[in-house]
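Peer 1: Protein chains in written order, with the working numbering: chain D, 215 to 634; chain Z, 215 to 634; chain H, 215 to 634; chain Y, 215 to 634. Just so you know, even glycine gets a beta-carbon here, dropped at the ideal spot from N, CA and C. Remember, it's a predicted structure, so these values are computed and weren't measured experimentally. This structure is in structure tokens; I'll ask about it shortly.
Protein chains: 4
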Amino acid sequence: MIPDLLSQYASVRRWSERIAEPLSPEDCVVQSMPDTSPIRWHLAHTTWFFETFVLKRQQGYEVFDPAFEFLFNSYYNAVGEQFPRSQRGLMTRPSLFQVLDYRQHVDRALRDLLESGQLEASEADLIVLGLQHEQQHQELMLTDLKHLLSLNPLFPAYRNLPLKRGRFPGTPSRPFAEIVGGGLVEVGYQGNGFCFDNELPRHPVFLHPFRLQENLVTCGEYLEFMQAGGYSNPEFWLSLGWSAVCENGWTSPLYWYSRGSGWEIFTTSGRMPLDPDWPVCHVSYFEADAFARWKGKRLPTEFEWEAACQSTRPTGEEEPAAPFLDNLLQAELAVHPTAPGQGMWGSVWEWTSSSYQPYPGFRPAAGAVGEYNGKFMCNQQVLRGGSVATISDHIRSSYRNFFAPETRWQFSGIRLAEFV
Amino acid sequence: MIPDLLSQYASVRRWSERIAEPLSPEDCVVQSMPDTSPIRWHLAHTTWFFETFVLKRQQGYEVFDPAFEFLFNSYYNAVGEQFPRSQRGLMTRPSLFQVLDYRQHVDRALRDLLESGQLEASEADLIVLGLQHEQQHQELMLTDLKHLLSLNPLFPAYRNLPLKRGRFPGTPSRPFAEIVGGGLVEVGYQGNGFCFDNELPRHPVFLHPFRLQENLVTCGEYLEFMQAGGYSNPEFWLSLGWSAVCENGWTSPLYWYSRGSGWEIFTTSGRMPLDPDWPVCHVSYFEADAFARWKGKRLPTEFEWEAACQSTRPTGEEEPAAPFLDNLLQAELAVHPTAPGQGMWGSVWEWTSSSYQPYPGFRPAAGAVGEYNGKFMCNQQVLRGGSVATISDHIRSSYRNFFAPETRWQFSGIRLAEFV
Amino acid sequence: MIPDLLSQYASVRRWSERIAEPLSPEDCVVQSMPDTSPIRWHLAHTTWFFETFVLKRQQGYEVFDPAFEFLFNSYYNAVGEQFPRSQRGLMTRPSLFQVLDYRQHVDRALRDLLESGQLEASEADLIVLGLQHEQQHQELMLTDLKHLLSLNPLFPAYRNLPLKRGRFPGTPSRPFAEIVGGGLVEVGYQGNGFCFDNELPRHPVFLHPFRLQENLVTCGEYLEFMQAGGYSNPEFWLSLGWSAVCENGWTSPLYWYSRGSGWEIFTTSGRMPLDPDWPVCHVSYFEADAFARWKGKRLPTEFEWEAACQSTRPTGEEEPAAPFLDNLLQAELAVHPTAPGQGMWGSVWEWTSSSYQPYPGFRPAAGAVGEYNGKFMCNQQVLRGGSVATISDHIRSSYRNFFAPETRWQFSGIRLAEFV
Amino acid sequence: MIPDLLSQYASVRRWSERIAEPLSPEDCVVQSMPDTSPIRWHLAHTTWFFETFVLKRQQGYEVFDPAFEFLFNSYYNAVGEQFPRSQRGLMTRPSLFQVLDYRQHVDRALRDLLESGQLEASEADLIVLGLQHEQQHQELMLTDLKHLLSLNPLFPAYRNLPLKRGRFPGTPSRPFAEIVGGGLVEVGYQGNGFCFDNELPRHPVFLHPFRLQENLVTCGEYLEFMQAGGYSNPEFWLSLGWSAVCENGWTSPLYWYSRGSGWEIFTTSGRMPLDPDWPVCHVSYFEADAFARWKGKRLPTEFEWEAACQSTRPTGEEEPAAPFLDNLLQAELAVHPTAPGQGMWGSVWEWTSSSYQPYPGFRPAAGAVGEYNGKFMCNQQVLRGGSVATISDHIRSSYRNFFAPETRWQFSGIRLAEFV
């Protein structure tokens, strides 16, 4: 196990730095809004996790800089006072380069620990958790930098990759095809790998017969909703959703810009014309819900989604072949479902109608790491699937992502459901 | 049915005016915060409901004042533009007396309609809905006026009734006693009477074996939580709850005032010393949840609550003997559970851990009245039971009340649960 | 002096109650915005002044209600804690009738004191100050109730007086006529009557030769400014003024409503068509300044205004024949300058370019009443003249009114100036 | 003239870059609050001034990047739309290095223009204005970077110069010594050099006999005010000042930190113990005014200040020997008045009681550069003198600096005045 963990550690840590490579120190220090964090902060905070929860307990470990404990704590009250989240972007020191040194310092110590063979099982578990944690932050780095760059009137690209853009293989908006019988279904994580505490315990739920649409909702379909007055008619909207539309002046998904008679979208490779066949993305839960109501359909519950995922997956094929990073641009330009069943992950996160709640018997982990999931179980909606910005080995059918219903800067889209 | 409806109409409408009787025109016009409404507005809006949805469709009905459609619409987008909710308290005309005239005008027309025998079934349904609607507003009138009076440094009483205050019959904090076996349980309204659309359809849910505590959490128990540092330790709190504690400076339930070494509470009969045996009241969901976590327990789901209610109710005893209005003061001073099973309604609303979601297959009513429930199904927690301010024939085991988790001005308390 | 003071006391106090007569208890309790106060609060606070500064020092005086000291203090820190200004409208008790009782109680005691012959000179001075204070609040009562009624979608009239409306006698926008030579000029109060501390000491200032326009700027002239793009061109505006235009969406003076192709204004007798010959009113300092810049002129300094007033007044004619209350409607409909020189008071307050500063050697009065003027000398502009809502014996050429530059709910207008 | 202008241009432009030298790209991109700007923005905006107002009019000039016109306009409405001030810190591109390239591009073109001998007089005037403008921004760069660094919990130093710190030569708090006779005094700029439009026209004002204190108020004196309850007693404060104290929780000047029983201050060389002999600095107008009232004195008017400056200056000594940049640390650590009369500039800006108003006959320059001064003449207080951060050839006795009364991040201090 240890050799595996070592190579996994090296690989995950390397990704974070690759994500930051195309960015300048300026890009890495600024915070675009209270919901996002500076890239440099992500790089430091993920490192802080290993230093705080693993290395500090090791005899002889020399802390890189005692101030970092305070500077790069996110929300772990049990660890100590926190630097206010909304002011992360005001901290211009330590510099990006000092943070990269911090990463090297911690990586060296952690590698030594892994190679020493002295690792306790509980420590190995914490390292695995730290890597999963870092993979979550890798996705946030991508969504946060996209948001930051979008605020610049120059609309700079994150990376300019040569495009190998192709047309969609399938037919969008295919009629409802998947049917899942109702009754008692088991949900929650099952297996020997890693999962978060919020995926447990596995337990039965009772589902009414339902169908999920095979394809994600496309930009073209969403444009129809917009042209039908979707953003000016309160009847389609939840009450809070309609308030959000009015207060924020929403008239389209995030990153859409009208240009002449058409639309452009901002992607990580800059602004480009919208393709009606792409899955719609960067919509809030409110918009997903309103679209579904307008269509006479609804969003799936998280359990319907999970049950459908289980029922359509060919045996043994747990691992999706999701694109990542090198393909991020490709992916943003041509995210597509392919064969049925494989289409349920890896292009956009899918809003579900389920609010984020503990499973029956849920117990958070002991100590500070127990603050990871449970304390956010209020006023959040569950998203399922995974997006082009999600690293592939992080995607699984029991994974529960969650965001506040007004969130739009994540790669979040729509799949429709209905009762049979 | 019509004669019954007539007497029911007269009785419900009369209640609203009785509630307002002890109040001055000044008390009736002011709005204490955006969440509350002026009493005069409640009196007018409940009347507007009957005029808009029933009387305006009748040939020959003469509208009392065309401006009222706009002035007293609450949130029915389908009916037309609305006067902004937060400015209801700025409207000093029409006066309280004009609104009472408006009530008489509408009551006369509606009585004529009921006596005419010309009533269609769909109209009768709308009248029943209007009465249920008014009963909900009657509870809000009581909670809103309590809030308004509490802001006055004189802490005036709403009514000064002679107190027949007694001690609690039962033992507070009795150990967990109720056990309800798990498995598939039917929830949702069943019967021939009135229910709201959000109580339907009745459907099975799968429950894990659980227990509910027989008694509500008392002020004395809550004081222990406070003295144990409940309000200064983030580990007990949901993340949003801890933010609410810090931003609002909460250190106790609403309407609690420290006085010397003890506590006083503000009630509708003014300020008085706190009795540790009373059920704790005017806590938010966040406080209820934090208290439960501190105790090592949890809040029940709304389905556990409903299942427990069904299982403990003696046959045929659907109707609780809840106190109301004349007894409001008594009730506020001595709300008490009595025999097991009867204790689940009529003293305080009980926060559940369930967020407010549609039942599988939920369909809102057609037209404007369909805006009644469904559009609020986001970022709200379900409360079950009923309070001292709830009129008794409005209480039933399938009733789903809902408020945002930070809400404290309702009569809301705590019942603990645990898995077996 | 005492008999005079007695009759003056009775007369001034009576006015306040006459102002409130056409209003309902509802009208008297609500606060329309943080800058205004409820009418009932004005009635109580002006009474509080006499009780606190005069009666409480008298042996044997029985306080009406000890709570009122706290409830009706405005901003006198030296007297004690204050009820927060922005929450004055949340206090529904004491009722209007209790406040009227309070007035009677204080009036009776003060009349007894005046008749006793025991009055010390310093006490008489405080009574005179209290009456001047009440006269200022009488003007605020009128501007505050106008603002409150304007927020009501019914646009109710304060009083419906029969209109004896006539055309303007003079020619509006007459060319500049008044010339005042420059040099050293004495400004500040001179005489044996009452004046506020901020009108002293009388002192010389050096003025450059200037002219004031004989007529006030009319609505018709202001409409030209609006039609010339006045509200959409930043070049005419102070930087803060342009921010105020953008943030508040100003496109006209306060209380102007476009209707078809024309304009209506809201007055104390309701909405009515705008007459282009009326002096423009309810403009902020920013609008007055922008209009002047657009015209190629400027606003006068407060000293130019005072010097012009002195130079144009026929001997002995200190007392303007200004309209009041019974004539308020008339006045609002037909405020007009008449003969030159008399036109400088009594129709609208005139914004000056002078910020509100102490005169050289200014000393506030000792004790709590010293908080009357001096502490507001920052970020306020001086207005001179007096308005239709100002009681006539309160108007004098040295009087310095002051408001923040964004203020619009006062009867404030524009007179132009230029250097010769 | 042209050769002089050329060397002056080179010298001023070089200063800006020297100021930025000790900073990282991260330090240069972040905006610490809406009142400040990122350093990189200052570097670009001062360059934009020359490109927009001088170079774009030259035939054959090639614009560096057309987007910069929009990105680096500050508030010149006449030039075009502006990038919102509060979002300057969200723009991570163009990078610091691109902005330095922009500076080189413009400098080369401007040098060519200056050397060409084709320069018109009006263009030379604009270049002189541009240099004065840049010198103002150089001071803002220093105050803005100090503010940014102060928000970092590490309290990093801007520069760590070896300290040659000496004691004060003079006796602090010497009794009032300077006397200036009253009467008519000429104020405003006189001479052949550069001055801003707001220093003209020179004109007479009438002054009452007054005295200015020879020494600036020291930290030790200010500590006495603090220990006497200065920040908790409303009687010393303007009404708006007291609100600022309460809302912001002010208990000391900006950048003061209590540490054990003493105080530390944050300077551009980091945190260090407070020396009671230093002039107090980083106080708002409100604090300066409250201190003066507590002392029984007052702040001088801007004209008293200017008159005193003229009367005490030895003949011919217009040029103060003020410290700058290399000495900034020294200066911050040991700002000191020396001989009488020289003490009136170069250590801290001195708040005056004068609000910022136009001189009689003031005319802003034509065109966009006319937006430089006049439009800010509202709700601002005048400061006189100059600070350790002011470049020495920018200091003169007629110079009018101005800031809103709550401003604290400038190097602003207190000199007391009184009437004789």
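For the putative contact between V399(Y) and F500(Y), defined by C-beta atoms under 8 Å, what is the C-beta separation to the nearest angstrom?
Peer 2: Within the fourth sequence, residue 399(Y) is the residue found at index 185, counting from 1. Within the fourth sequence, residue 500(Y) is the residue found at index 286, counting from 1. In this structure V399(Y) does not touch F500(Y) by the C-beta definition: roughly 28 Å separates them, more than the 8 Å allowed.
Peer 1: In its own chain, which residues sit with a C-beta less than 8 Å from the C-beta of E370(D), not counting the 5 before and 5 after it?
Peer 2: Against the first sequence, residue 370(D) aligns to sequence position 156. For the record, residue 370(D) in the displayed sequence is Pro; it is not Glu. Closer than 8 Å at the Cβ level, and outside the excluded window around P370(D), lie L363 and G484.
Peer 1: Roughly how many angstroms separate the alpha carbons of M591(Z) and W470(D), rounded to a whole number?
Peer 2: Residue numbering aside, residue 591(Z) sits at position 377 when the second sequence is read from its first letter. Residue numbering aside, residue 470(D) sits at position 256 when the first sequence is read from its first letter. If you take the alpha carbons of M591(Z) and W470(D), they lie about 28 Å apart.
Peer 1: Let me check understanding here. Comparing Cα to Cα, which of A580(Y), G599(Y) and Q312(Y) lies closest to T566(Y)?
Peer 2: Taking the first residue of the fourth sequence as position 1, residue 566(Y) is located at position 352. That would be G599(Y), whose Cα lies nearest to the Cα of T566(Y).
Peer 1: If you draw a straight line from the C-alpha of T266(Z) to the C-alpha of A292(Z), how long is it?
Peer 2: Start at 1 with the first residue of the second sequence, and residue 266(Z) comes out as number 52. Start at 1 with the first residue of the second sequence, and residue 292(Z) comes out as number 78. Going from the Cα of T266(Z) to the Cα of A292(Z) covers about 12 Å.
Peer 1: Would P619(Z) pass as an interface residue toward chain D - the criterion being a Cβ-Cβ separation below 8 Å?
Peer 2: One-based indexing of the second sequence puts residue 619(Z) at position 405. Taking Cβ atoms only, chain D reaches closer than 8 Å to P619(Z), which makes this a yes.
Peer 1: DSSP puts E564(Y) in a beta bridge; with which residues?
Peer 2: On the fourth sequence, residue 564(Y) is found 350 positions in, with the first residue counted as 1. Its beta-bridge partners are R598(Y) and G627(Y).
Peer 1: For E337(Z), which of helix, strand or coil comes out of DSSP?
Peer 2: For the purposes of this step, residue 337(Z) is taken as the residue at position 123 of the second sequence. Reduced to three states, the DSSP call for E337(Z) is helix.
Peer 1: Mind listing which residues of the segment 226 to 239 of chain H have their C-beta closer than 7 Å to chain Z's C-betas, in chain order?
Peer 2: S238 and P239
Peer 1: When the distance is taken between beta carbons, is H347(Y) closer than 8 Å to F286(Y)?
Peer 2: Residue mapping note: residue 286(Y) aligns to position 72 of the fourth sequence, counting from 1. Residue mapping note: residue 347(Y) aligns to position 133 of the fourth sequence, counting from 1. In this structure, H347(Y) does not lie closer than 8 Å to F286(Y) by Cβ.
Peer 1: Does DSSP put M440(Z) in a helix, in a strand, or in coil?
Peer 2: Here residue 440(Z) refers to the residue found at position 226 of the second sequence. M440(Z) falls in the helix class under three-state DSSP.
Peer 1: Should the segment 250 to 258 of chain H be regarded as contacting the segment 304 to 319 of chain H, the criterion being three or more beta carbon pairs within less than 8 Å?
Peer 2: yes
Peer 1: Assuming F297(H) and F284(H) are in contact, meaning their beta carbons sit under 8 Å apart, how far apart are those beta carbons, in whole angstroms?
Peer 2: Sequence index remark: in the third sequence, residue 297(H) carries index 83 (1-based). Sequence index remark: in the third sequence, residue 284(H) carries index 70 (1-based). The Cβ separation is near 6 Å, so the contact holds.
Peer 1: Are the beta-carbon atoms of Y290(H) and A522(H) separated by less than 8 Å?
Peer 2: Residue numbering aside, residue 290(H) sits at position 76 when the third sequence is read from its first letter. Residue numbering aside, residue 522(H) sits at position 308 when the third sequence is read from its first letter. Going by C-beta atoms, Y290(H) is not nearer than 8 Å to A522(H).
Peer 1: Enumerate in chain order the residues of its own chain whose CB-to-CB distance from M355(D) is below 6 Å, with the five nearest sequence positions on each side excluded.
Peer 2: Translated into the one-based positions of the first sequence, residue 355(D) becomes position 141. Closer than 6 Å at Cβ, skipping near neighbours: I233, I253 and H256.
Peer 1: Where P248(H) and L304(H) are concerned, what is the direct C-alpha to C-alpha distance, given to the nearest angstrom?
Peer 2: To locate residue 248(H), count along the third sequence from 1; it is residue 34. To locate residue 304(H), count along the third sequence from 1; it is residue 90. The alpha-carbon atoms of P248(H) and L304(H) are separated by roughly 12 Å.
Peer 1: Would you decide whether T621(Y) is buried or exposed? Buried here means 16 or more other CB atoms lie within 10 Å of its CB.
Peer 2: Walking along the fourth sequence from the start, residue 621(Y) turns up at place 407. By the neighbour-count rule (16 or more Cβ atoms within 10 Å), T621(Y) is buried.
Peer 1: Kindly indicate which three-state DSSP category Y471(Y) falls into: helix, strand or coil?
Peer 2: Position 257 of the fourth sequence, counted from the start, is the residue given in the question as residue 471(Y). Three-state result, Y471(Y): strand.
Peer 1: Can you name the residues that DSSP bridges to H417(H)?
Peer 2: Against the third sequence, residue 417(H) aligns to sequence position 203. Answer is V401(H).
Peer 1: What in chain Y is Cβ-close to Y289(H), meaning under 8 Å?
Peer 2: Here residue 289(H) refers to the residue found at position 75 of the third sequence. In chain order: S453.
Peer 1: Does V459(Y) have its Cβ less than 8 Å from a Cβ in chain D?
Peer 2: In the fourth sequence, residue 459(Y) corresponds to position 245, counting from 1. No, no contact with chain D.
Peer 1: Hey, out of F505(Y), V401(Y) and E428(Y), whose CA is closest to L437(Y)'s CA?
Peer 2: Residue mapping note: residue 437(Y) aligns to position 223 of the fourth sequence, counting from 1. Minimum Cα distance to L437(Y) is reached at F505(Y).
Peer 1: Does the separation of the CB atoms of W477(Y) and L468(Y) fall below 8 Å?
Peer 2: Within the fourth sequence, numbered from 1, the residue matching residue 477(Y) stands at position 263. Within the fourth sequence, numbered from 1, the residue matching residue 468(Y) stands at position 254. It is not a contact, given that the beta carbons lie outside the stated cut-off.
Peer 1: Using a Cβ cut-off of 8 Å, pull out every chain D residue sitting near F633(Z), in sequence order please.
Peer 2: Along the second sequence, read from residue 1 onward, the residue named residue 633(Z) stands at position 419. By Cβ distance, chain D contributes P574 and G575.
Peer 1: Spatial neighbours of E632(D) within its chain, please: C-beta separation below 6 Å, excluding the five flanking residues on both sides.
Peer 2: Counting from one through the first sequence, the residue named residue 632(D) turns up at place 418. Closer than 6 Å at the Cβ level, and outside the excluded window around E632(D), lie R425 and K511.
Peer 1: Out of M440(Z), L220(Z) and E564(Z), which has the shortest C-alpha to C-alpha gap to Q427(Z)?
Peer 2: Here residue 427(Z) corresponds to residue number 213 of the second sequence, with the count starting at 1. It is E564(Z) whose Cα lies nearest to the Cα of Q427(Z).
Peer 1: If you follow the alpha helix (DSSP H) that I253(D) is part of, which residue opens it and which one closes it?
Peer 2: Here residue 253(D) corresponds to residue number 39 of the first sequence, with the count starting at 1. It spans I253 to F267 - the alpha helix (DSSP H) in which I253(D) sits, taken as one unbroken run.
Peer 1: Based on the DSSP output, what are the partners of G487(D) in its beta bridges?
Peer 2: Along the first sequence, read from residue 1 onward, the residue named residue 487(D) stands at position 273. It is worth fixing the name first, because residue 487(D) is Pro in this sequence and not Gly. BP columns for P487(D) point to E478(D).
Peer 1: For the beta strand (DSSP E) that contains L426(Z), what are its first and last residues?
Peer 2: Looking up residue 426(Z) in the second sequence gives position 212. Its beta strand (DSSP E) spans residues F424 to L426.
Peer 1: So the alpha helix (DSSP H) F284(H) belongs to, where does it begin and stop?
Peer 2: As a working note, residue 284(H) is residue 70 in the third sequence. Element bounds for F284(H): A281 to L285.
Peer 1: What do you get for K589(Y), buried or exposed, if any count of 16 or more other CB atoms within 10 angstroms of its CB means buried?
Peer 2: Position 375 of the fourth sequence, counting from 1, holds the residue named residue 589(Y). Burial call: buried.
Peer 1: Here's a check: name, in chain order, each residue in its chain whose Cβ is nearer than 7 Å to the Cβ of P640(Z), leaving out the five neighbours to either side.
Peer 2: Beyond the ends of chain Z as shown, which are 215 and 634, falls residue 640(Z); an answer cannot be given.
Peer 1: Could you check how far apart the C-beta atoms of L269(Z) and L328(Z) are, in whole angstroms? I think they sit under 8 Å.
Peer 2: Stepping through the second sequence from its first residue, residue 269(Z) is reached at position 55. Stepping through the second sequence from its first residue, residue 328(Z) is reached at position 114. Actually they do not touch by this definition, with Cβ atoms about 11 Å apart.
Peer 1: Looking at the C-beta of L356(D), does it have a partner C-beta in chain Y at a distance below 8 Å?
Peer 2: In the first sequence, counting from the first residue as 1, residue 356(D) sits at position 142. False, the Cβ-Cβ gap to chain Y never drops below 8 Å.
Peer 1: Compare the Cα-Cα distances from E337(D) to each of T465(D), S246(D) and L219(D) and report the closest residue.
Peer 2: If you number the first sequence from 1, residue 337(D) lands on position 123. Selected option, being the one with the closest Cα: L219(D).
Peer 1: Against chain D, which members of the segment 407 to 424 of chain Z pass a CB distance test of less than 9 Å?
Peer 2: H417, P418, V419, F420, L421, H422 and F424
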